[in-house]
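Asker:
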Amino acid sequence: MIIHDRIAEQLPEWRDRVATLTRQHGKFKICDVTVEQIYGGIRGVQIQVTDISYLNPLEGIYLRGYSIGDVLNFLPCEQGAEYPLCGGLYYLLTVGSLPTLEEAREVEQEWQLRSQVPKHVFDVINVMPPQTHPMTLLSAALTALQTDAVFPQHYNNGNGKADYWKYFLDDSLTLIGRLMTVAAYIYNWKYQQRKYIAPDPALDWAANFAHMIGRDSKDYQELSRLFFLIHSDHEGGNVSAHTGHLVCSALSDVYLTCAAAMNGLAGPLHGLANQECLRWLLKVYDHFRGLPSEEQLSEYLQAQLDAGGVIPGYGHAVLRTTDPRFTVQVDFANKYLPEDEIFRLVQMVYAVLPPLLKKQGKVKNPWPNVDAINGALQHHYGVDQFDFYTVLFGVSRILGITAHAIWSRALMKPIERPKSLTTRMLEEMVGLPPGA
Ligand SMILES: CC(C)(COP(=O)(O)OP(=O)(O)OC[C@H]1O[C@@H](n2cnc3c(N)ncnc32)[C@H](O)[C@@H]1OP(=O)(O)O)[C@@H](O)C(=O)NCCC(=O)NCCS
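The numbers in the sequence shown follow my numbering, run straight up by one, and end at 637.
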């Protein structure tokens, strides 16, 4: 398989680079950690290495050195499509260079060959109560898919550590091949009276999702490609990526790794923000019974800030500029749904809110993040079941998480095990009496 061969070619050099760094510069200090950082979610502490993506606070995410704009411009598209194949993105994430159209298609074909979902996975979903959150269903389905994992068999056979990455790649391709059918099944089970639409072998991975949830318009196919491309990875430190890395370091296979990562993504401070953002936009729209004037909106937002409210979709833990993933979605909307009133409200908030946030002076980043618009786009195409948005996010994020997992095993990273301190130890270090 093409990804396997490309990784195998470059692996000796990568292993050598890591060995040189650790052998010759193992004691070199990267940063100091402060008490504030320990109590503050280890913000800004540089404790991980990944070459798959890097989040530049002033420019946004780079995937293998390519900005979001470059990813959309340079990855190959099928004839007649505006947005690239996700198979090409996966080649970029795992191999590290841009694929040709043929190479991107090869990845897509590999996914398709592996796409048959075992019946027991649907059975697991079917026995859940109807009110189950779609992220719970996704997590359960990923765990149920684990029965087909090949890595545990190879591990139990005593196959060497240097080869683990091959089984992780194998499992990742199968998992991703089956993921779309599972996600669409969850959507249909939950919101479309359990109807089942079989995948169309003529469609690419992302367009097939659109098809399987009964949205066959070319526009929604394009939106699906865009959505799954831009949410795929965001460095290693966010909750889902970090969880995936940690769990994978115990040599849990990619199914268990991704299920754990999705449980992190399901938290309201992480992957649930997109649904909160759309809910808020619709509330504003209802409040004004339509689009407000800029003055009305400004007053409304100011009142919300004065009351201590947090405006969803604005701010970021690392970014200090408008998220480029927001910008490319605005470009999409300008082309495909310029008159949509919720999109126009998104643009008005973008014009009015940043100066108010700057004036308030509390928030470190007054600019929109990816979530300030993505729900509005789904809403336009009738995918207005807010709870489901995190599943869409998760499907995309699994592309990044599995790429990290393959490379963690390829570089034979050890089990992760940071050290804890007690409060008393910290008090002693800074010279405070106990319980001061
Ligand atoms: C993303 C987010 C969690 C980052 O948190 P953070 O790194 O702690 O943000 P900051 O350091 O800038 O926060 C400093 C202050 O600004 C406030 N603030 C941050 N974002 C704000 C927003 N969108 N609206 C109003 N106030 C905001 C915080 O509540 C905090 O106030 P406090 O000092 O009274 O506690 C935060 O900006 C947020 O909650 N945004 C809205 C939700 C969202 O869009 N989430 C998706 C993230 S991709």
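All residues carry an ideal CB built from backbone N, CA and C; glycine is no exception.
#1: Answer with buried or exposed for TYR421, where buried requires no fewer than 16 other C-beta atoms within 10 angstroms of its C-beta.
#2: Does the region 355-364 come close enough to the region 330-340 that 3 or more CB-CB pairs lie under 8 Å?
#3: Excluding the 5 residues flanking ASP371 on each side, which residues of the same chain have their C-beta closer than 7 Å to its C-beta?
#4: Could you tell me which of TYR537, GLY378, PRO569 sits nearest to ALA552, measuring between CA atoms?
#5: Can you tell me the Cα-Cα spacing of PHE527 and ALA384, whole angstroms?
#6: Does DSSP put LEU600 in a helix, a strand or coil?
#7: Using the C-alpha atoms, what's the distance from VAL631 back to MET549?
#8: DSSP state of GLY261, grouped into three classes?
#9: Ligand 1 and VAL511: does the residue's C-beta get closer than 7 Å to at least one heavy atom of that ligand?
#10: Inspect the CB distances between the region 576-585 and the region 438-454 and report whether three or more fall short of 8 Å.
#11: Whether or not the region 488-499 and the region 528-540 are in contact is what I'm after, with contact meaning three or more pairs of Cβ atoms, one per stretch, closer than 8 Å; do they touch?
#12: Distance, Cα to Cα, LEU294 vs ALA209?
#13: Buried or exposed: which applies to VAL547, given that a residue is buried once 16 or more other Cβ atoms fall within 10 Å of its Cβ?
#14: Would the C-beta of LEU290 count as close to ligand 1, meaning under 7 Å from any of its heavy atoms?
#15: Assess, as a yes-or-no matter, whether the region 257-277 is touched by the region 584-594 under the definition of 3 or more beta carbon pairs within less than 8 Å.
#16: Can you list the alpha helix (DSSP H) stretches of 4 or more residues lying completely in the region 571-628, in chain order?
#17: For VAL246, I'd like the list of residues in its chain whose CB is within less than 7 Å of its CB, leaving aside the five on either flank, ordered along the chain.
#18: Taking 7 Å as the cut-off, does the CB of VAL531 come closer than this to any heavy atom belonging to ligand 1?
#19: Starting from the N-terminal side, write out each stretch of the beta strand (DSSP E) that is 3 residues or longer and does not extend beyond the region 253-314.
#20: Could you check if ASN173 belongs to the surroundings of ligand 1, using beta carbon to heavy atom distance under 7 Å?
#21: Does DSSP put TYR397 in a helix, in a strand, or in coil?
#22: Should TYR515 be listed as close to ligand 1, given that the test is whether its C-beta is under 7 Å from any heavy atom?
#23: Using beta-carbon positions only, say whether GLU542 and TYR501 come within less than 8 Å of one another.
#24: Have a look at the DSSP bridge pairing and note the partners of TYR515.
#25: Less than 7 Å between C-beta atoms, sequence neighbours within five positions excluded: which residues of the same chain meet that for GLY468?
#26: With a cut-off of 8 Å, do at least 3 Cβ pairs link the region 411-430 to the region 375-394?
#27: Could you tell me whether any non-hydrogen atom of ligand 1 is closer than 7 Å to the CB of LEU259?
#28: What number of angstroms, rounded off, separates the C-alpha of SER621 from the C-alpha of GLU423?
#29: Under the assumption that THR382 contacts VAL318 (Cβ atoms under 8 Å), give the Cβ distance between them as a whole number of angstroms.
#30: Taking the CB atoms as reference points, tell me whether ILE599 and LEU380 lie closer together than 8 Å.
#31: Beta-carbon separation of SER254 and ASP524 under 8 Å?
#32: For ILE377, tell me which candidate among GLN347, VAL529, ALA399, ALA403 has the shortest Cα-Cα distance.
#33: Kindly indicate the opening and closing residues of the alpha helix (DSSP H) around PRO449.
#34: Drop a sphere of 10 angstroms on the beta-carbon of GLN303, count the other beta-carbons inside from all chains shown, and report buried for 16 or more, exposed for fewer.
#35: Among the candidates PRO634, ALA611, THR623, whose CA atom is the shortest distance from the CA of GLU214?
Answerer: If we stick to the structure as given:
#1: Against the sequence shown, residue 421 aligns to sequence position 220. Counting Cβ neighbours within 10 Å, TYR421 comes out buried, since at least 16 surround it.
#2: no
#3: For this step, residue 371 is matched to residue 170 along the sequence shown. VAL351.
#4: The residue you call residue 552 lines up with position 351 of the sequence shown. The option with the nearest alpha carbon to ALA552 is PRO569.
#5: As a position in the sequence shown, residue 527 is number 326, starting the count at 1. As a position in the sequence shown, residue 384 is number 183, starting the count at 1. Spanning the two alpha carbons is a distance of roughly 24 Å.
#6: Position 399 of the sequence shown, counted from the start, is the residue given in the question as residue 600. Helix, per DSSP.
#7: Taking the sequence shown and counting its residues from 1, one reaches residue 549 at position 348. Taking the sequence shown and counting its residues from 1, one reaches residue 631 at position 430. About 49 Å.
#8: Within the sequence shown, residue 261 is the residue found at index 60, counting from 1. Strand.
#9: Counting from 1 along the sequence shown, the entry for residue 511 is found at position 310. Because some heavy atom of ligand 1 lies under 7 Å away, the Cβ of VAL511 counts as near it: yes.
#10: Taking a contact to require three or more Cβ pairs closer than 8 Å, the region 576-585 and the region 438-454 do not qualify as touching.
#11: no
#12: Locating residue 294 in the sequence shown gives position 93, where the first residue counts as 1. Locating residue 209 in the sequence shown gives position 8, where the first residue counts as 1. Pairing LEU294 with ALA209, the inter-Cα distance amounts to about 15 Å.
#13: Along the sequence shown, one-based indexing puts residue 547 at 346. With 16 or more Cβ atoms within 10 Å of its Cβ, VAL547 is classed as buried.
#14: Numbered from its first residue, the sequence shown carries residue 290 at position 89. Incorrect: LEU290 has no Cβ contact closer than 7 Å to ligand 1.
#15: Below 8 Å, too few C-beta pairs join the region 584-594 and the region 257-277 to call them touching: fewer than three.
#16: Counting only runs of 4 or more, we get 572-581, 590-611.
#17: As a first step, residue 246 is located in the sequence shown; it is residue number 45 there, counting from the start. Contacts found: CYS232, VAL234, GLN238.
#18: To locate residue 531, count along the sequence shown from 1; it is residue 330. The answer is no for VAL531.
#19: 254-257, 261-264
#20: Lying outside 202 to 637, the shown extent of the chain, residue 173 is not represented and no answer is given.
#21: Mapped onto the sequence shown, residue 397 falls at position 196. Note: TYR397 maps to coil in three-state DSSP.
#22: By one-based count along the sequence shown, residue 515 stands at place 314. Indeed, a heavy atom of ligand 1 lies less than 7 Å from the Cβ.
#23: One-based indexing of the sequence shown puts residue 542 at position 341. One-based indexing of the sequence shown puts residue 501 at position 300. Remark: C-beta atoms of GLU542 and TYR501 do not approach each other more closely than 8 Å.
#24: The residue labelled residue 515 in the question sits at position 314 within the sequence shown. Note: TYR515 sits in a beta bridge opposite PRO569.
#25: Along the sequence shown, one-based indexing puts residue 468 at 267. Correct list, in chain order: VAL440.
#26: Contact between the region 411-430 and the region 375-394 is present, because at least three Cβ pairs lie under 8 Å.
#27: Locating residue 259 in the sequence shown gives position 58, counting from the first residue. For ligand 1, not one heavy atom lies less than 7 Å from the Cβ of LEU259.
#28: Within the sequence shown, numbered from 1, the residue matching residue 621 stands at position 420. Within the sequence shown, numbered from 1, the residue matching residue 423 stands at position 222. The straight-line gap separating the alpha-carbon atoms of SER621 and GLU423 is approximately 47 Å.
#29: Walking along the sequence shown from the start, residue 382 turns up at place 181. Walking along the sequence shown from the start, residue 318 turns up at place 117. Contact holds; Cβ gap of about 5 Å.
#30: One-based indexing of the sequence shown puts residue 599 at position 398. One-based indexing of the sequence shown puts residue 380 at position 179. Against a cut-off of 8 Å, the Cβ pair of LEU380 and ILE599 comes out as a contact.
#31: In the sequence shown, the residue the question calls residue 254 occupies position 53. In the sequence shown, the residue the question calls residue 524 occupies position 323. No, they are not a contact pair.
#32: Here residue 377 refers to the residue found at position 176 when the sequence shown is read from its first residue. It is GLN347.
#33: For the purposes of this step, residue 449 is taken as residue 248 along the sequence shown, with counting starting at 1. Note that residue 449 is Cys in the sequence shown, not Pro. Counting along the chain, the alpha helix (DSSP H) containing CYS449 begins and ends at 440-450.
#34: On the sequence shown, residue 303 is found 102 positions in, with the first residue counted as 1. At residue 303 the sequence reads Glu, which differs from the Gln that was named. Exposed.
#35: By one-based count along the sequence shown, residue 214 stands at place 13. The shortest C-alpha separation from GLU214 is found at ALA611.
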